Amino acid sequence: MAYSETRYAASVFLNAAIPLFRVLAEELPAGKSLLKKEGIIQFRTQDGEEALGTHFELKEGEMKTVLGLAENPDVELAFPSLEHFVAFFQGKSKKLPKIKGLGKPGLLIPTFRILLSMASILGQKGCPAKEEDQLQLIKLMYYLLPAGISTLNKMGHPTVKHWSETSPDRVYAWALDGHPEIASYLRVKAGKTKASRGAYTRSQPFFTMRFADPVSALAVLQQTGDMLKLTAERKLIMEGAPEFGGKIGDLMMLVGQYAQG
275 MAYSETRYAA
285 SVFLNAAIPL
295 FRVLAEELPA
305 GKSLLKKEGI
315 IQFRTQDGEE
325 ALGTHFELKE
335 GEMKTVLGLA
345 ENPDVELAFP
355 SLEHFVAFFQ
365 GKSKKLPKIK
375 GLGKPGLLIP
385 TFRILLSMAS
395 ILGQKGCPAK
405 EEDQLQLIKL
415 MYYLLPAGIS
425 TLNKMGHPTV
435 KHWSETSPDR
445 VYAWALDGHP
455 EIASYLRVKA
465 GKTKASRGAY
475 TRSQPFFTMR
485 FADPVSALAV
495 LQQTGDMLKL
505 TAERKLIMEG
515 APEFGGKIGD
525 LMMLVGQYAQ
535 G
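So, in structure tokens, the structure goes:
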């Protein structure tokens, strides 16, 4: 089934970007109060008559991410169309969605604070001044990019699907020197893909895109640096054949285009 470009973008947000809400909820001050609550927070949009969404279940101090819709969320941000949903998350529209949960400020207010923080972090055009902010942004992008590639593959995006169907069983990884906790990987096997957070430890990945420092990582991730120069300076280390790094780089850019518009 062929999807519209807007549907591809919406799916990248639902399945790859919005799940980062949980990452920030576990790190930011607003999240600490949110994790003390119980309930369901949902993001919902419509593609014609089809409803799409992602929700988070809060219970006993933990948050669970669920790709799909809950029947009766306590807080819900509902967008009437894919166009509105995508424009809002790309930062191109300030028109608010329909909001459910006005009577539950303990859930709603932290939700908006975390959402605004996520938009601010991911929407940065340059490298943050503080290293802690650089690391936070890199971690979010490391999680977003492989999940976005896998999402597009599962939807049958022609570019990604052709790549996965012609690939043997391989693992592509992202790493940052000095920060083993900031890592992710994508496994490709028989046309199927799975994105995971953390380092792949079962064996040596087929290809790893490794950066010597946070500034160099963001220069590539934000597409502001010269990859050839960074490679020559050993600030970008491609562990594996360079041609495979070029292809995975193209797929990263594809996800970035859908996420940024």
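The opening position of the sequence shown corresponds to residue 275 in the numbering used here, with each subsequent residue numbered one higher. We treat Cβ as the ideally placed atom computed from N, Cα and C, and that holds for glycine. Please read all numbers here as calculations on a predicted model, not as lab measurements.
Which residue's Cα is closest to the Cα of D348: E517, L288, G380?
As a first step, residue 348 must be located in the sequence shown, where it is residue number 74. Cα-wise, what sits closest to D348 is G380.
Can you check which of these residues, S278, F295, F317, is closest to M415 by C-alpha distance?
Position 141 of the sequence shown, counting from 1, holds the residue named residue 415. The residue with the shortest Cα to Cα distance from M415 is F295.
Residues bridged to Q316 (per DSSP)
The residue given as residue 316 occupies position 42 in the sequence shown. The secondary-structure analysis by DSSP pairs Q316 across a beta bridge with H329, E350.
Quick check on the burial criterion: 16 or more other C-beta atoms within 10 angstroms. Buried or exposed for M275?
Walking along the sequence shown from the start, residue 275 turns up at place 1. Counting the other Cβ atoms within 10 Å of the Cβ of M275 gives fewer than 16, which makes it exposed.
How many Å lie between R476 and L419 at the Cα?
Working through the sequence shown from its first residue, we reach residue 476 at position 202. Working through the sequence shown from its first residue, we reach residue 419 at position 145. Their backbone Cα atoms lie some 21 Å apart in a straight line.
Where K463 sits in the DSSP three-state scheme
Translated into the one-based positions of the sequence shown, residue 463 becomes position 189. Note: K463 maps to strand in three-state DSSP.
Is the beta carbon of K466 sitting closer than 8 Å to the one on S438?
On the sequence shown, position 192 is the one that residue 466 refers to. On the sequence shown, position 164 is the one that residue 438 refers to. For K466 and S438, yes; Cβs fall inside 8 Å.
Helix, strand or coil: which one does DSSP assign to M483?
Sequence index remark: in the sequence shown, residue 483 carries index 209 (1-based). In this structure, M483 counts as strand in the three-state DSSP scheme.
Do you know how far the Cα of T328 is from the Cα of A493?
Taking the first residue of the sequence shown as position 1, residue 493 is located at position 219. Taking the first residue of the sequence shown as position 1, residue 328 is located at position 54. The alpha-carbon atoms of A493 and T328 are separated by roughly 31 Å.
Report yes if the CB atom of L309 is closer than 8 Å to the CB atom of A325, and no otherwise.
In the sequence shown, the residue the question calls residue 309 occupies position 35. In the sequence shown, the residue the question calls residue 325 occupies position 51. Not a contact, by the Cβ cut-off of 8 Å.
Measure the C-alpha to C-alpha separation of L450 and C401 and round it to an integer number of angstroms.
Stepping through the sequence shown from its first residue, residue 450 is reached at position 176. Stepping through the sequence shown from its first residue, residue 401 is reached at position 127. Their backbone Cα atoms lie some 16 Å apart in a straight line.
Uninterrupted beta strand (DSSP E) stretches inside the segment 398-473 (no shorter than 3 residues):
As far as the segment 398-473 is concerned, its whole beta strand (DSSP E) runs of at least 3 residues are 444-450, 457-463, 466-471.
For M337, report the span of its beta strand (DSSP E) as first-last.
Taking the sequence shown and counting its residues from 1, the one referred to as residue 337 is at position 63. Run containing M337: 336-341, per the beta strand (DSSP E) assignment.
Taking C-alpha atoms, which residue in Y532, G499, A473, Y459 lies nearest to I522?
The residue given as residue 522 occupies position 248 in the sequence shown. Of the candidates Y532, G499, A473, Y459, the one whose C-alpha sits nearest the C-alpha of I522 is Y459.
If you count every other CB in all the chains shown that lies within 10 Å of the CB of A283, and 16 or more means buried, which is it?
Here residue 283 corresponds to residue number 9 of the sequence shown, with the count starting at 1. Buried is the call here.
Three-state class that DSSP yields for K310 in the structure shown:
Locating residue 310 in the sequence shown gives position 36, where the first residue counts as 1. Of the three classes helix, strand and coil, the one that applies to K310 here is coil, per DSSP.
I want to know whether the segment 499-511 touches the segment 480-491 - three or more CB-CB distances under 8 Å.
yes
Given a cut-off of 8 Å on the beta-carbon distance, is the pair L370 and T280 in contact?
Start at 1 with the first residue of the sequence shown, and residue 370 comes out as number 96. Start at 1 with the first residue of the sequence shown, and residue 280 comes out as number 6. Not in contact: L370 and T280 (Cβ atoms no closer than 8 Å).
Please state whether DSSP places I292 in a helix, a strand or coil.
Counted from its first residue, the sequence shown places residue 292 at position 18. Coil, per DSSP.
Flag this pair as yes or no: are the beta carbons of G305 and I388 separated by less than 8 Å?
Along the sequence shown, one-based indexing puts residue 305 at 31. Along the sequence shown, one-based indexing puts residue 388 at 114. Yes; because the gap between Cβ atoms is below 8 Å, this pair is in contact.
Would you mind reading off the limits of the beta strand (DSSP E) that contains L510?
The residue given as residue 510 occupies position 236 in the sequence shown. That run of the beta strand (DSSP E) goes 510-513.
Alpha-carbon spacing of L525 relative to A290, whole angstroms
Taking the first residue of the sequence shown as 1, we reach residue 525 at position 251. Taking the first residue of the sequence shown as 1, we reach residue 290 at position 16. Going by the C-alpha atoms only, they are around 14 Å apart.
Using C-beta distances below 7 Å, list every residue in its chain close to N427, excluding the 5 sequence neighbours before and after it, in chain order.
One-based indexing of the sequence shown puts residue 427 at position 153. Result list for N427: V434, K435, S438, T467, in chain order.
Would you call the CB atoms of A352 and K374 closer than 8 Å?
In the sequence shown, the residue the question calls residue 352 occupies position 78. In the sequence shown, the residue the question calls residue 374 occupies position 100. Yes, the Cβ-Cβ distance between A352 and K374 is below 8 Å.
Buried or exposed, going by whether 16 or more other CB atoms sit within 10 Å of the CB of L332?
Locating residue 332 in the sequence shown gives position 58, where the first residue counts as 1. Buried.
Cutoff 7 Å; reference M501; Cβ partners in own chain excluding five residues on either side
For the purposes of this step, residue 501 is taken as residue 227 along the sequence shown, with counting starting at 1. Only V494, L510 meet the Cβ criterion.
Within the same chain, show all residues whose beta-carbon is closer than 6 Å to that of V445, passing over the 5 residues directly before and after it, in chain order.
In the sequence shown, the residue the question calls residue 445 occupies position 171. Excluding positions up to five away in sequence, the list reads Y459, R461, Y474, P479, F480.
When you compare only the Cα positions, how much space is there between S391 and E301?
To locate residue 391, count along the sequence shown from 1; it is residue 117. To locate residue 301, count along the sequence shown from 1; it is residue 27. Distance between the alpha carbons of S391 and E301 is about 11 Å.
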